[in-house]
Each structure stands twice: as structure tokens, then as C-alpha cells.
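In our numbering, the protein residues as written are 4 to 157.
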């Protein structure tokens, strides 16, 4: 091999190695674990009666989107107020459980989560499904889009 060919091969190899690392960085089990841990902190916050702690799992942004019950709500503050109105007491909040949760890492800074939520209360146990789109930022993984549905009462 001539010197220019060797140099060219070396440069191509270095380029491929340096561009391949970001494609795989942040896509493994550690990222899934970080998302599941954030969601567990939400459950713990909810179950202690702290909507504020539950909301820490959401990105503090005006573009945060929450879709449920045929309505779409935008913005972190608006969503916080919606939760406060809908769950004014500990009894109304009940005990939150997430189950059947799966997390798909879409890129180093984007993920989707799907699962079931259930509120265990003295008088009922509403349940439904959720799909979350999460983004990773300086504060870690946060929910940017939340589509939550409730199962029909039987």
C-alpha cells in the first residue's frame, strides 16, 4: 500500500470509529433503568400525596403535551393545575401503581414508554394505559408527551 492509500484508510477508519460511538452511547440498559427509576420516583411522590414530586418527571416546558379524555393540555404549569384540580385530596389520589411498563430507547436522547396505571382507592380502582415520549436533557430523562387513557367502568 502506498502512503496516501494508507493515510486515506486510516482517516476513514478513524471517521467511522468516532461517528459510531454516539449512535450507541446512551441506548443500553442503563438508560432504561434511569427512566424506570424516574417513573418510580413519580409513583413514590404520588403515593405520599405530593403532586409536585410526581410532576418532577415532566419537562418544565410550555411545549409539554398531555392528552387524555379527548382533551389536550399544553405546558407544565397548566398540567400541574389540572392534576391539583382533579386530585384535591389524598383519598382522591389513592395509591398509584404502574405495571406492564416497557421502555424503548429511540436515540441517545429520546425514548418511549408504554404501560398501565392503576389508582387503588377505598371506593374504586380506575385503570388505563399510557404512552410517554421522553427526552434526555441536563436534568436527566423527562416526559415531553403523555397520552393517557382510562378504561371504561364495568
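Glycine included, every Cβ here is placed at the ideal spot set by N, Cα and C. A quick note: this is a predicted structure, and the numbers were derived from the prediction, not measured.
Discussion item. Can you list, in chain order, the residues of its chain with a C-beta nearer than 8 Å to that of residue 130? Leave out the 5 residues immediately preceding and following it.
Written reply: By one-based count along the chain shown, residue 130 stands at place 127. Closer than 8 Å at the Cβ level, and outside the excluded window around residue 130, lie 119, 120, 121, 122, 153 and 154.
Worksheet entry | Selected residue, minimal CA-CA separation from residue 72, among 132, 140, 142 and 143 | Your numbering for residue 72 matches position 69 in the chain shown. Selection 132, 140, 142 and 143 evaluated against residue 72 yields 132 as nearest (Cα-Cα).
Item to complete: Report the residue from 128, 115 and 125 whose alpha carbon sits nearest the alpha carbon of residue 39.
Response: Here residue 39 is taken as the residue at index 36 of the chain shown, counted from 1. Nearest to residue 39 by alpha-carbon distance, out of 128, 115 and 125, is 115.
Worksheet item: Could you give the uninterrupted runs of the beta strand (DSSP E) lying entirely in the stretch 35-90, keeping only those of 3 residues or more?
Response: Counting only runs of 3 or more, we get 68-71 and 74-77.
Practice prompt. Flag this pair as yes or no: are the beta carbons of residue 143 and residue 41 separated by less than 8 Å?
Written response: Here the question's residue 143 lines up with position 140 in the chain shown. Here the question's residue 41 lines up with position 38 in the chain shown. Going by C-beta atoms, residue 143 is nearer than 8 Å to residue 41.
Practice prompt. Name the one or two DSSP bridge partners that residue 155 has.
Written response: Looking up residue 155 in the chain shown gives position 152. In the DSSP output, where bridge partners are listed per residue, residue 155 has none listed.
Worksheet entry | Cutoff 6 Å; reference residue 76; Cβ partners in own chain excluding five residues on either side | Numbered from its first residue, the chain shown carries residue 76 at position 73. Closer than 6 Å at Cβ, skipping near neighbours: 69, 82 and 85.
Fill in: Reduced DSSP category for residue 124 - H, G, I as helix; E, B as strand; rest coil
Here residue 124 refers to the residue found at position 121 when the chain shown is read from its first residue. Of the three classes helix, strand and coil, the one that applies to residue 124 here is coil, per DSSP.
Discussion item. Rounded to the nearest angstrom, what separates residue 32 and residue 104 at their Cα positions?
Written reply: Within the chain shown, residue 32 is the residue found at index 29, counting from 1. Within the chain shown, residue 104 is the residue found at index 101, counting from 1. Cα atoms of residue 32 and residue 104: separation of roughly 14 Å, rounded to the nearest angstrom.
Worksheet item: Does the separation of the CB atoms of residue 35 and residue 108 fall below 8 Å?
Response: One-based indexing of the chain shown puts residue 35 at position 32. One-based indexing of the chain shown puts residue 108 at position 105. Yes, Cβ-Cβ distance for residue 35 and residue 108 is below 8 Å.
Worksheet item: Taking just the CA atoms, how far does residue 128 sit from residue 102?
Response: Along the chain shown, one-based indexing puts residue 102 at 99. Along the chain shown, one-based indexing puts residue 128 at 125. Going by C-alpha positions, residue 102 is about 14 Å away from residue 128.
Worksheet item: Below 8 Å between beta carbons: does that hold for residue 97 and residue 124?
Response: Start at 1 with the first residue of the chain shown, and residue 97 comes out as number 94. Start at 1 with the first residue of the chain shown, and residue 124 comes out as number 121. Yes, Cβ-Cβ distance for residue 97 and residue 124 is below 8 Å.
Discussion item. Run through the DSSP bridge pairs and tell me what residue 130 is partnered with.
Written reply: The residue you call residue 130 lines up with position 127 of the chain shown. Paired residues: 121.
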